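A.B. asks: Taking the numbering used here, the leading residue of the sequence shown gets 1, the next gets one more, and so forth.
Cβ coordinates follow ideal geometry from the N, Cα and C atoms, glycine included.
All values reported here derive from a predicted model rather than from experimental measurement.
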Amino acid sequence: MTRFWSLLKYTENYKGLIGASIVCNILTAVFTVVSAPAIIPFLQILFGLEQAILQEPVFTWSLDGIRNYANYQLSQLIQAEGKSGALLYICGGIILIFFCKNLFRYLSMFFMGPVRNGMVRDIRQQLFDKVIRMDLAWLTERRKGDLIARVSTDVQEVESSIFNVLVTVFREPLVIIGSLLFLLYVSPQLTLFVFVLMIFTGFIIGGIGKTLKKKSAKVQDTLGNILAKLEESLSGLRIIKSFGAESFRSAQFAEENNKYKDLLTHLLWRRDLSSPLSEFLGIVMVAILLWYGSGLVFTGALRAESFLAFLLAFFNVSQPTKAFSAAFYNIQKGMAAVERIDSILAVEQQISNPTSPIQLNPFQENIVFKNVSFSYHGSERKAVQNINLEIPKGKVIAIVGASGSGKTTLIDLLLRLYEVEKGSIKIDGVNIKNIRLKDLRTRIGVVSQEPVLFNDTIFNNIAFGLTEVDKKAVAKAVEIANAEDFIEQSPNGYETNIGDGGRKLSGGQRQRLTIARAILRNPPILILDEATSSLDAASEQLVQAALKAIMKERTTIVIAHRLSTIQYADEIIVLKDGQIVERGTHQQLLSEKGAYQQFVQLQLTFGGD
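1) Checking the sheet assignment: what are the DSSP bridge partners for S373?
2) Counting along the chain, where does the beta strand (DSSP E) carrying P392 start and finish?
3) What residue range is occupied by the uninterrupted beta strand (DSSP E) comprising A398?
4) Can you give me the C-alpha to C-alpha distance between Q597 and Q385, rounded to a whole angstrom?
5) Considering Cα atoms alone, identify which of L417, G118, K552 is closest to R436.
6) So, using beta-carbon positions, are V368 and E390 closer together than 7 Å?
7) Cα separation between V420 and W138?
8) Count the CB pairs spanning the region 285 to 300 and the region 125 to 138 that are closer than 8 Å, and state whether there are at least three.
9) With distance defined between alpha-carbon atoms, name the residue in I288, E172, F459 nearest to M109.
10) Considering only DSSP beta bridges, list what I367 is partnered with.
11) Considering just the uninterrupted stretch of the alpha helix (DSSP H) at V165, what are its terminal residues?
12) At the level of alpha carbons, what is the spacing between Q489 and T467?
13) Can you grab the Cα-Cα spacing for the pair I573 / K215, in whole Å?
14) Considering only their Cβ atoms, is the gap separating D135 from I341 smaller than 7 Å?
15) Sorted by chain position, which residues of the same chain lie with C-beta nearer than 7 Å to K407's C-beta, five sequence neighbours on each side aside?
16) Do Y10 and M119 have their CB atoms nearer than 7 Å?
17) Ignore the nearest five residues each way along the sequence and tell me which others in S424's own chain have a CB closer than 6 Å to its CB.
18) Let me know the secondary structure DSSP gives V347 once reduced to three states.
19) Select from R143, N482, L345, F31 the residue whose C-alpha is nearest the C-alpha of R105.
20) Looking only at its own chain, which residues have a Cβ that is under 8 Å from the Cβ of R116, when we skip the five neighbours before and after it?
21) Whose CA, out of I480, P523, P524, lies closest to the CA of A545?
22) Do I283 and L227 come within 7 Å of each other at the CB atom, strictly closer than that value?
23) With DSSP as the reference, identify every bridge partner of L528, one or two as the case may be.
24) Using only the alpha-carbon positions, how far apart do R381 and N388 sit?
25) For V219, does the count of other Cβ atoms within 10 angstroms reach 16, so buried, or fall short, so exposed?
26) From E348 to L127, what distance separates their C-alpha atoms?
27) Taking just the CA atoms, how far does L589 sit from V581?
28) Three Cβ pairs or more, each shorter than 8 Å: is that satisfied between the region 442 to 459 and the region 499 to 507?
29) For R271, name the three-state secondary structure that DSSP assigns.
30) Do the region 483 to 499 and the region 507 to 522 touch if we need at least three Cβ pairs shorter than 8 Å?
31) With DSSP as the reference, label T11 as helix, strand or coil.
32) Would you report the Cα separation of G608 and V446, rounded to the nearest angstrom?
33) What does the alpha-carbon distance come out to for the pair G85 and L308?
34) Could you check whether N225 and E256 sit closer than 7 Å to each other, using their CB atoms as the reference points?
35) List in chain order: all unbroken alpha helix (DSSP H) runs of 4+ residues lying wholly within the region 92 to 173.
As structure tokens, this is what we get:
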């Protein structure tokens, strides 16, 4: 239960509401406890058991003092109003007590409503912030569907299983303790008997509840697999349909779906057992209590009206006990979700801002890779090895090589999406590890092979990540990116929604929007990662024109296969197996008749530029 108490750290922002709820819970407990002895005067009058006290006793703050003073007031009331009138007043008092009890019970839940929902919001926000800031190396090893499950269903499980019973957890113990104190006052012997019965039933209920946490963990894991398969299927729907694999994929999904159904059914069977089991054990306890207590009444060890009040107080204990038992079941069920959430929040971020960051001035000189080596997690092979490369300001550097040669890895290291294992990368002599991540990445614009757009308007996709955007600046970026024509023809212009991933647009249109997005930030360093490789000839011409415009007066790193993109670079770097094997201009490398010439020959042979 340590993790349950750790959830209380999220209550920091709700101390006022929690304080009000605690006060209401205490008052609820007070009126609940008072409701049992309040019935005794009614029974005394009804059964003619009252003993008139005509002389006013000295009031003291003790149970006997309060009882004697209450009996004196009752005697005075009977003398003044008669038994019928006294009963009427007592009934009114009982109604008032129960009204106050339920009023404060409602208010305690009223004040806890914003607390419960606010804490759920805080956990979900913290979890999302953690995931979105995690290292790319960690994220690539996780299934997106499982992460979605933890942010959505696991958090919802915490809300429904734990936060919904917070009031019960903090209110019912007060009611139970107060009622037990009254029971002890009425009959210690009978209370001890009841206590033994409660411990016995508690062991039975607790034994069943222990398995809920383990089963709930399996349920949540399986639901994560279901969401993962759903996300993968939606992302790869074109391939699924192209290969006629709908039935195959459906069978895979059905397997996980059936597994989830079976696990959840067994979990609910066990959880739903709590209420009927608690009620049955409660009735058994009442039956035994009636038998044992009646024996005490018959022998004169306990007065009849006190025994009836004892029974009422016992019900005040049993009902909260059953509620507390149900809360325990729910908490056990929800703790599995808490552990899944904590497993994400506890992950340490490997790539983070430096403790004492160095302020990066406007880009002036160069980018230098010095003896840079790196290998991906779990791989003995070096993705890049002993890379030494200088990229002067204002120059265009092209990086070519076969797939897996390390081209994109170099870019990821420059952006600090991965951390250099050996060597260093410096911008104007400053190691990028000593620069704030935001300062580093805002100075680098990226146009990738696969345009990444969001289900939003054209304007918001171009201005993505910026809070205050000048519409004229957006229009200028669109003009440079050769995107004016299709935006003007769109139904709502800049306010046209482009659909999930920009699927309402063609490949060339999507790419030109990403170029406009990069232009709007006006980065001094530009990375073009296979920016035209997936486009048709007509779209490529428009994008190439946009790229030439954006490359002016910028330091540009180009990763490409097509000669039209790289042959005019100031320097071409040829990578093979993570190492630089050749470097020079287009003409110089052709004259060397090495790896670059083979690369060019392949392009010409297989229809390249």
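C.D. replies: According to the data block:
1) Walking along the sequence shown from the start, residue 373 turns up at place 373. S373 is bridged to K422.
2) Translated into the one-based positions of the sequence shown, residue 392 becomes position 392. Its beta strand (DSSP E) spans residues 384 to 392.
3) Along the sequence shown, read from residue 1 onward, the residue named residue 398 stands at position 398. Residues 396 to 401.
4) One-based indexing of the sequence shown puts residue 597 at position 597. One-based indexing of the sequence shown puts residue 385 at position 385. Cα to Cα, Q597 sits roughly 23 Å from Q385.
5) Against the sequence shown, residue 436 aligns to sequence position 436. Nearest of L417, G118, K552 to R436, Cα basis: L417.
6) In the sequence shown, the residue the question calls residue 368 occupies position 368. In the sequence shown, the residue the question calls residue 390 occupies position 390. Cβ atoms of V368 and E390: closer than 7 Å.
7) What you label residue 420 is simply residue 420 of the sequence shown in a count that begins at 1. What you label residue 138 is simply residue 138 of the sequence shown in a count that begins at 1. The alpha-carbon atoms of V420 and W138 are separated by roughly 15 Å.
8) no
9) By 1-based counting over the sequence shown, the position of residue 109 is 109. For the residues I288, E172, F459, the minimum Cα distance to M109 belongs to E172.
10) Mapped onto the sequence shown, residue 367 falls at position 367. I367 pairs with I391, I427.
11) What you label residue 165 is simply residue 165 of the sequence shown in a count that begins at 1. Segment: none, V165 is in no alpha helix (DSSP H) and carries neither H nor E.
12) Walking along the sequence shown from the start, residue 489 turns up at place 489. Walking along the sequence shown from the start, residue 467 turns up at place 467. Their Cα atoms are separated by approximately 27 Å.
13) As a position in the sequence shown, residue 573 is number 573, starting the count at 1. As a position in the sequence shown, residue 215 is number 215, starting the count at 1. Spanning the two alpha carbons is a distance of roughly 56 Å.
14) Within the sequence shown, numbered from 1, the residue matching residue 341 stands at position 341. Within the sequence shown, numbered from 1, the residue matching residue 135 stands at position 135. No, these two residues do not count as a Cβ contact at 7 Å.
15) Numbered from its first residue, the sequence shown carries residue 407 at position 407. These residues qualify, in order along the chain: I399, G401, I559, L575.
16) Within the sequence shown, residue 10 is the residue found at index 10, counting from 1. Within the sequence shown, residue 119 is the residue found at index 119, counting from 1. It is a contact, given that the beta carbons lie within the stated cut-off.
17) As a first step, residue 424 must be located in the sequence shown, where it is residue number 424. Hits under 6 Å: K370, N431.
18) Within the sequence shown, numbered from 1, the residue matching residue 347 stands at position 347. Residue state, collapsed to three classes: coil.
19) As a working mapping, residue 105 is identified with position 105 in the sequence shown. For the residues R143, N482, L345, F31, the minimum Cα distance to R105 belongs to F31.
20) Start at 1 with the first residue of the sequence shown, and residue 116 comes out as number 116. Around R116: E159, F163, N164, L166.
21) Walking along the sequence shown from the start, residue 545 turns up at place 545. Closest by alpha carbon: I480.
22) Here residue 227 refers to the residue found at position 227 when the sequence shown is read from its first residue. Here residue 283 refers to the residue found at position 283 when the sequence shown is read from its first residue. No, Cβ-Cβ distance for L227 and I283 is not below 7 Å.
23) Sequence index remark: in the sequence shown, residue 528 carries index 528 (1-based). For L528, which the question treats as bridged, DSSP gives the partners V447, V558.
24) For the purposes of this step, residue 381 is identified with residue 381 of the sequence shown, where counting begins at 1. For the purposes of this step, residue 388 is identified with residue 388 of the sequence shown, where counting begins at 1. For R381 and N388, the distance between alpha carbons rounds to 19 Å.
25) Here residue 219 refers to the residue found at position 219 when the sequence shown is read from its first residue. That one is buried.
26) The sequence position of residue 348 within the sequence shown is 348, counting from 1. The sequence position of residue 127 within the sequence shown is 127, counting from 1. Those two C-alpha atoms are separated by around 13 Å.
27) Along the sequence shown, read from residue 1 onward, the residue named residue 581 stands at position 581. Along the sequence shown, read from residue 1 onward, the residue named residue 589 stands at position 589. When rounded, the distance between both Cα atoms is 11 Å.
28) yes
29) Numbered from 1 along the sequence shown, position 271 holds the residue referred to as residue 271. The answer is helix: DSSP assigns R271 an H, G or I state.
30) yes
31) Mapped onto the sequence shown, residue 11 falls at position 11. T11: helix per DSSP, three-state reduction.
32) Taking the sequence shown and counting its residues from 1, the one referred to as residue 608 is at position 608. Taking the sequence shown and counting its residues from 1, the one referred to as residue 446 is at position 446. Annotation note: pLDDT 49 at G608 (below 50); position unreliable, no value reported.
33) Residue mapping note: residue 85 aligns to position 85 of the sequence shown, counting from 1. Residue mapping note: residue 308 aligns to position 308 of the sequence shown, counting from 1. Near 23 Å, if we compare the C-alpha coordinates of L308 and G85.
34) As a working note, residue 256 is residue 256 in the sequence shown. As a working note, residue 225 is residue 225 in the sequence shown. Going by C-beta atoms, E256 is nearer than 7 Å to N225.
35) 136 to 140, 144 to 149, 155 to 161
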